[in-house]
Each structure stands twice: as structure tokens, then as C-alpha cells.
């Protein structure tokens with residue numbers, strides 16, 4: 002289908018081009034015959050597909066088809082969510098024989114809705130009190146006893162709220178009675194309830210994290226919205242405290258209006274403040290995670306240790322109990338009261354044998370609890386990037402040291418902190434730079450590309466036309482650096498108009514090219530996309546087209562060269578009655594004509610993409626890089642089609658102004674204009690895409706300036722495998738917000754010239770360590 006359409010349009014363009022030529026009527030008639038055959042084949046194909054579609058729709062009712070589609074989609078979503086939660090539990094070693102015990106108790110009445118309102122939804126109307134206490138394995142039983150299915154999990158930083166949420170998700174899958182709703186984890190940090198309702202935000206996040214949910218049913222409704230409206234989604238909302246302070250009251254109100262079951266995790270102080278200002282989450286029970294006791298921490302750390310390390314831990318805890326009022330004892334007791342820091346301590350002192358846990362009793366190094374906890378985060382990173390540490394990843398061999406990783410992770414952590422978000426996605430990595438830097442870098446790279454394109458275009462045009470190639474072609478080609486600079490600056494400025502406060506610019510493509518048996522995108526969306534591409538293409542092309550012709554005019558005889566007049570004659574001969582053959586107005590008209598041509602090409606290609614593609618409903622495993630692959634394919638198609646369309650029209654129409662095909666002048670001038678403007682149109686379209694910005698910044702400028710490695714994808718995957726990052730839908734997050742904040746503080750201290758605390762090192766570490774690249 003898609004190939005037939007492309008062939009039909011190309012032949013139509015050739016027919017139009019050759020027909021308007023004074024001496025090309027015979028060729029035009031011949032191409033017209035080919036075009037008629039192609040269009041006839043296309044019409045026949047469309048008729049067959051339409052007949053098949055009608056027969057299929059008559060053989061099965063739309064409602065039944067929708068139910069089957071929704072059921073299969075819900076099962077697929079459940080499988081993907083289960084994979085993510087299982088991986089998170091493996092990362093935190095929840096399935097170990099000596100798993101760390103997480104205990105909870107029912108929250109105080111101050112932060113819980115009236116029990117009568119909750120109990121009113123009980124099926125039997127009975128008054129069954131909830132269990133007052135419990136632990137990790139019993140959280141699902143507690144949740145089942147809540148009649149409304151609405152639960153708030155409260156715990157301080159590092160208490161294990163997210164781990165408990167993943168455990169609850171997996172327990173829901175293990176109980177057949179819970180199969181109706183699919184529990185899905187959502188990070189609340191990016192939600193602005195004053196602008197987006199909960200239902201719409203959940204639908205957008207589902208589509209963003211699971212691309213196959215952008216598929217539509219028989220009515221054209223996205224499957225994500227169908228699942229939400231049919232009650233097939235159980236929202237597990239993680240991080241209420243990450244919502245901006247001024248929006249938490251509105252968030253409570255919006256959550257209370259949500260009719261269905263939900264699970265919410267939050268820190269105690271932030272939730273209590275929001276509740277006191279508004280009300281508790283309606284119809285929701287609440288539990289609060291308890292601190293670990295010293296005995297629980299000791300039993301766990303000794304159980305997962307060898308004999309020698311277990312004896313060292315016994316010495317440490319003996320000192321803590323013998324001298325409970327000692328400052329080091331108080332600091333260590335407080336630090337080991339949260340599962341997060343206990344897990345960090347295990348990684349540092351049990352997984353790396355060259356560190357000794359008795360160092361934790363050094364009051365000189367750790368005079369305060371904050372100093373001790375900062376040491377644990379720092380040593381944790383050192384342990385994770387120990388060169389002798391085995392990593393599960395099979396993506397490639399990591400060659401960076403912990404010092405390099407700290408710098409790169411610190412840059413990313415600072416980026417997230419500045420945007421006040423937790424989500425780390427590949428298409429927002431350019432937002433780690435300032436706006437003016439992004440625009441200038443785009444212009445600089447486009448300027449260099451413009452020089453290369455100019456030289457290559459002149460040389461190729463002269464060589465293929467049989468003309469002599471000399472130094473003048475190189476000089477004239479280098480003048481196109483000015484065109485590239487202006488094109489890059491224009492594209493950079495256009496990109497910035499679409500970047501929001503949180504670095505949300507152009508989202509990656511989620512379409513899949515090719516024939517689709519299922520309903521395609523809505524007509525309104527198609528028309529909106531075509532119109533947007535027309536405006537964007539015309540705006541960008543208008544700027545670089547004017548720049549190209551004006552640079553040429555200033556460089557050659559003060560606009561006295563007739564090239565601009567011939568260009569206008571090729572595309573808009575009616576303008577010649579209003580314009581002189583030479584002069585600045587003619588050069589401006591040439592720029593306007595070229596800009597309109599490129600804008601039309603953008604809209605044409607976008608029409609092909611939107612009309613003859615569909616939602617990316619592939620059932621592959623969810624990965625942060627799935628969208629990169631999809632966006633790359635669609636972007637390359639757009640870039641290639643735009644470049645080819647502009648090249649073809651320029652080659653035929655401009656070449657005709659200098660001679661008849663295949664004369665030397667026709668080929669030389671047609672190739673020159675076609676290659677130049679086709680390349681600039683394609684380059685601009687590339688820069689305006691999410692994948693183009695990934696190439697420009699994440700793969701080029703950020704590594705060049707030392708802010709990221711040259712293989713950022715491998716680095717992020719490796720950080721996930723080591724346990725620094727966790728997966729959240731289509732992106733990554735730092736394992737814990739405190740780890741992110743530690744990296745931010747450390748990165749800022751290094752920028753100010755404050756040395757970090759030296760972690761214990763071995764001779765092997767020093768011999769394998771390499772210097773990190775210096776920032777540019």
C-alpha cells in the first residue's frame with residue numbers, strides 16, 4: 002500500500018514537471034501513462050482492501066471485536082508490568098532466603114478517612130476491623146480486606162514504599178480473583194493536577210510507557226483509555242510527596258474524585274500537611290511502614306555474610322549496644338533503621354571484601370548522621386563500579402571507572418533536579434543544556450554540515466555533468482556554511498518553542514509504517530499533523546532559503562547574477578511580471594519560493610506517514626529504547642522522503658531553465674540545486690526530530706564536552722544493571738531520590754573545587770583506573 006502510494010505520487014510529480022517544460026510534452030505524455038497505470042493499480046488495491054474490511058466488519062460485531070481486543074491487550078500489559086516488578090525485586094534481593102523484614106502498622110486516624118465511609122462499600126455490609134499490624138508477605142491480604150480497594154502506603158525516605166508497591170503488584174497477579182484489574186505503577190513526580198485530570202494523565206502515561214496501548218478499538222478510541230474506562234487498570238501511584246507543594250491539595254481532591262480502586266505511596270510529613278489543608282484521601286485505608294530495629298539489621302547483615310565478615314559485624318553491633326550513648330552508636334543506629342541504607346551497607350561491606358564495617362565506628366570521619374549516610378551513598382557507588390564486580394548485562398563491556406561514572410551520573414542527576422522530575426528519558430537528554438547552548442550548538446553543527454554539503458554538491462554536480470572541477474567549486478561550496486548556520490539556528494529556535502519548563506520538547510514518534518488491518522489514526526489527528534508539519538517546514542525552510550539566496554547575492558556582484566531570476570521562473574513564472582531579472586527583491590522571492598516548496602514537502606511526507614501508518618502495537622517487551630528504534634525508523638523515512646522530493650523538483654524544474662535534458666547545463670544546474678536544497682531540507686527535518694536531537698546532543702556534544710560518555714545507551718543500561726537506576730515505563734529513574742540528591746551535591750561540590758571524600762581503594766583499583774575526559 003505504502004509503496005504504491007509513493008510510486009503514484011512520484012510519477013505524478015514527474016508528469017507535472019515534464020509537462021510544464023516547453024520541450025518535454027512527449028516525455029510528459031509517457032509518464033502520464035505510467036502514472037495512470039500506477040493510480041489504477043492503487044485504486045484496485047484500495048477497493049479490494051475496502052471490500053475485505055467490510056466483509057470482516059460484517060462477520061464480527063464491533064462490540065465483540067472490541068472486547069476481545071481489550072482482553073488480549075490487558076493480558077499483554079499484565080505480562081509487561083509483571084516483568085518490570087519481578088526485575089525490581091531481583092535488584093533489591095527480595096527473594097533472598099534471608100530477606101529483610103519490612104513491617105507496617107495501620108496509620109493514625111488523622112490521615113485516614115472515616116471508617117464508616119470505607120466500610121459502607123463492603124459487599125456483606127459487615128463491620129470487620131482491619132489488622133493493626135503486618136509485614137511484607139501479608140500486605141496483599143490487608144489490601145483485600147479494604148472494601149474500596151483504596152490504600153495509602155506511608156513511610157519515610159528509604160522505608161521501602163516502592164518495594165512494597167512492587168510486592169503488592171506481584172501478589173495481585175498471583176491471586177486469580179484480582180485478574181480483572183491490571184496493577185500498573187505510575188510515578189507521580191510529573192503530574193500537575195491543576196492542568197491535567199488524573200484520568201487523562203494516566204492515559205497519557207500508559208501510552209508513553211507502553212507503546213502498544215496507543216492502538217485503537219473499532220471506534221477509534223486509544224486502548225489505554227478503553228482499559229481505564231472499563232475499570233481494567235489498578236493505578237499504583239508512587240511518590241505523592243514528589244508532586245510540587247502547591248499542587249498537593251489539588252492532587253488530593255483529584256484523587257478523591259477518582260471512583261475506582263487505587264494505591265498511593267507517600268512520605269508522612271508531606272501527606273499529613275496536604276491532608277490538614279484539605280482532607281484525607283476519600284474512602285482509603287492507610288498503613289505506615291515502621292523503622293527497622295537494631296536486632297533486625299544485625300540478623301540480616303550477619304545472615305548474608307561469611308564467617309569473617311559476620312564476626313566483624315558482631316563486633317560493630319556489640320559496640321553499639323555497649324555504648325548506646327556514643328555519637329557513633331547513635332548515628333549508626335539511626336542510619337540502619339531504614340531498609341534502603343541497610344541494603345547499601347550490605348552492598349558496600351559484604352559484596353566488596355576489601356572494606357571493613359568497623360570503619361563505620363570512626364567518629365572522626367562521621368561526626369554526624371548525615372556524614373555517615375553520605376559516606377554510605379558514596380561508598381555504594383564505588384562498590385557498584387568496582388572493576389572486579391560482575392554485571393549481568395550482555396550489552397557490552399563497560400570501560401569507565403567509578404570517578405567517570407560519578408561525573409556523568411552527577412550531570413544527569415543535576416538535570417533531573419533542575420527540572421524537578423524523576424524520569425530520565427533519552428529524548429530529554431538535550432535539556433541538560435541551557436536553551437542558548439542548544440541553539441548555538443545546533444547552528445554550529447549545521448554550519449559545518451552546510452560547508453560539507455556545499456562542497457560535495459558542487460563537486461558532484463560538476464563531475465557528473467562532465468564539467469571541469471576546480472578550486473572555485475570548493476570556494477562556492479564553503480559559502481553554504483552560512484546557509485547551514487542560519488538553517489541550524491532556525492531549527493534550534495523552532496525546537497525551543499516546543500520545549501516546556503520541564504524539558505518536554507518534541508516527543509518521539511510512536512507510529513509504525515506499513516499496512517494496518519486495524520483502525521488507523523483519527524482524521525483530526527492526521528490533519529493536525531499535516532498542518533503542523535506545513536507550518537514547521539515553511540518556517541524553517543523560509544529562513545534558510547532566504548539566507549542561502551541573500552548570501553549568494555552579497556557574494557556575487559551585488560545581486561546581479563541572474564540565477565535567482567531563473568529559479569523563480571522555474572517555480573513561479575507569473576512572478577516575473579512583477580520582478581526584475583536581477584536585484585535583491587528577486588533574491589528574496591527566490592527564498593520565499595524555496596521555503597514554500599520545502600514546507601509543502603514536509604506536509605506531503607507527513608501525510609504519507611500519518612495516513613499510511615498506525616499505532617505501534619508491537620507486543621515486544623517494554624524497554625526504554627523501544628521508542629528510540631521506532632523514532633529512528635520514522636525519522637529516516639521522513640528525512641529521506643523530504644530530501645528526495647525537494648531534490649527531484651529542483652533537478653527537473655531548475656535544470657530546465659538552463660537547457661534540455663540531458664544537456665550538460667541541465668544536469669549541472671539541476672544536480673547542484675537539487676543536492677543543495679534537498680540536503681538542507683533533510684538536515685533541517687532531522688534536527689527537528691527527537692532522534693536528531695539525540696544524535697546531536699547525547700551522541701555528539703555532551704560526550705565532546707565530557708558530560709556523558711560516547712556510548713550513552715550502554716552507560717545507562719549498565720547503570721541499570723548495576724542497580725544505580727531503575728526502570729519506570731519507557732524511561733529510567735535513579736534507584737532512590739536520596740541517591741539522586743547525593744550525586745547532585747557531589748557534582749556541585751566538584752564544580753566548586755571541593756574534593757570528595759576518598760573511598761577505600763585497593764592497589765588493583767589504582768592500576769585499572771583511567772582519567773575521565775576533561776570538559777570542553
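Residue numbers (our numbering): 2 to 777.
The beta carbon of each residue, even a glycine, is placed where N, CA and C say it ideally should be.
Keep in mind the model is a prediction, meaning the values are calculated, not measured.
Distance CB(residue i)-CB(residue j) smaller than 8 Å
i, j, result
"residue 345", "residue 293", "no"
"residue 462", "residue 669", "yes"
"residue 286", "residue 113", "yes"
"residue 384", "residue 443", "no"
"residue 448", "residue 480", "no"
"residue 440", "residue 478", "no"
"residue 86", "residue 176", "no"
"residue 686", "residue 639", "yes"
"residue 647", "residue 610", "no"
"residue 712", "residue 92", "no"
"residue 162", "residue 290", "yes"
"residue 261", "residue 232", "yes"
"residue 313", "residue 369", "no"
For residue i, the residue or residues it bridges with in DSSP
i, result
"residue 695", "Its beta-bridge partners do not exist; DSSP assigns none."
"residue 239", "188"
"residue 265", "153 and 238"
"residue 735", "726"
"residue 425", "733"
"residue 779", "This structure cannot settle anything about residue 779, because the visible part of the chain is limited to 2 through 777."
"residue 715", "Answer is none; residue 715 lacks a bridge partner."
"residue 223", "217"
"residue 288", "107 and 154"
"residue 183", "234"
Close-in-space but distant-in-sequence residues of the same chain around residue i (CB under 8 Å, 5 per side omitted)
i, result
"residue 587", "560, 565, 566, 569, 580 and 581"
"residue 356", "349, 350, 380, 384 and 761"
"residue 204", "223, 225, 226 and 229"
Member of the options whose CA lies at the smallest distance from the CA of residue i
i, options, result
"residue 682", "544, 334 and 732", "544"
"residue 783", "479, 597, 655 and 665", "The structure shown does not extend to residue 783, since the chain is modelled only from 2 to 777, so the question has no answer here."
"residue 436", "478, 459, 498 and 663", "498"
"residue 144", "375, 332, 288 and 610", "288"
"residue 361", "150, 372 and 352", "372"
"residue 450", "151, 639 and 483", "483"
"residue 69", "548, 409 and 217", "217"
"residue 253", "228, 232, 284 and 235", "284"
"residue 714", "637, 643, 655 and 629", "629"
"residue 644", "196, 537, 707 and 599", "599"
"residue 637", "627, 688 and 674", "688"
"residue 83", "146, 170, 150 and 203", "170"
"residue 132", "206, 268, 105 and 725", "105"
"residue 691", "324, 367 and 495", "495"
"residue 725", "589, 489 and 382", "382"
"residue 282", "457, 115 and 746", "115"
"residue 752", "387, 267 and 408", "408"
"residue 428", "650, 677, 696 and 489", "696"
Residues of its chain near residue i, where Cβ-Cβ distance is below 6 Å and the 5 sequence neighbours each way are ignored
i, result
"residue 702", "442"
"residue 210", "730 and 731"
"residue 329", "362 and 364"
"residue 410", "744"
"residue 298", "337 and 343"
"residue 708", "412"
"residue 626", "none"
"residue 206", "187"
Beta-carbon contacts of residue i that lie in its chain and below 7 Å, excluding the five residues immediately before and after
i, result
"residue 434", "698"
"residue 465", "668 and 672"
"residue 227", "71 and 218"
"residue 342", "159, 336, 374 and 377"
"residue 459", "474, 477, 478 and 673"
"residue 771", "Per-residue confidence for residue 771 stands at a pLDDT of 36, beneath the threshold of 50, marking its modelled position as unreliable; the derived number appears in the next sentence. Taken in chain order, the residues that qualify are 402."
"residue 200", "229"
Hey, is the stretch 173-192 in contact with the stretch 69-86, meaning 3+ C-beta pairs nearer than 8 Å? yes
Inter-stretch contact (C-beta, 8 Å, three-pair minimum) for the stretch 185-200 and the stretch 231-245: yes
Does the stretch 271-281 come into contact with the stretch 157-166, if we say contact requires no fewer than three beta-carbon pairs (one atom in each stretch) closer than 8 Å? no
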